[in-house]
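Presented below is the structure to which this report refers.
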Amino acid sequence: PEAEQFFGGAIRKDPAAAISWVARGICRSEQGKKDQAASDFNYAASLYAQRGEVEQAEQLKLAFGNNG
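If you want it as structure tokens, here you go:
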């Protein structure tokens, strides 16, 4: 939970930093918050895609997309 709060703070400071969304998603996944984790991973993938980093977006979707 502390790490989730830490990465939540990082997201508030820089919501466009996809890596913070990924990190918070991992924290949430480890806590069993699968729906919230999936939401974070999907948002991170959309940020990567917006920046033209399609490969990273696709890898994230494959790794975490539907099953958090």
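Using the numbering used here, read the sequence shown as starting at 23 and increasing by one per residue. C-beta: ideal position from N, C-alpha, C; glycine also. Source: prediction; values computed, not measured.
Taking residue i and residue j to be in contact with their CB atoms under 8 Å, please state how far apart those CB atoms are, rounded to whole angstroms.
{"i": "Leu-82", "j": "Val-44", "result": "7 Å"}
{"i": "Phe-86", "j": "Phe-63", "result": "4 Å"}
In this structure, how does DSSP classify residue i when only helix, strand and coil are distinguished?
{"i": "Asn-89", "result": "Below a pLDDT of 50, predicted positions are generally treated as unreliable, and Asn-89, at 47, falls in that range; the measurement from the model is reported next regardless. Looking at Asn-89 - three-state DSSP - the assignment turns out to be coil, as it is neither helix nor strand."}
{"i": "Arg-34", "result": "helix"}
{"i": "Ala-47", "result": "The sequence as given places Gly at residue 47; Ala does not occur at that position. If DSSP states are grouped into helix, strand and coil, Gly-47 belongs with the helices."}
{"i": "Ala-39", "result": "coil"}
{"i": "Glu-75", "result": "coil"}
Using the rule of at least 16 other Cβ atoms within 10 Å of the residue's Cβ for burial, across every protein chain shown, is residue i buried or exposed?
{"i": "Asp-36", "result": "exposed"}
{"i": "Ala-66", "result": "buried"}
{"i": "Glu-26", "result": "buried"}
{"i": "Ala-9", "result": "It is not possible to answer for residue 9, since the shown part of the chain is limited to 23 through 90."}
Indicate whether residue i and residue j have their beta-carbon atoms separated by less than 8 Å.
{"i": "Ala-59", "j": "Arg-50", "result": "yes"}
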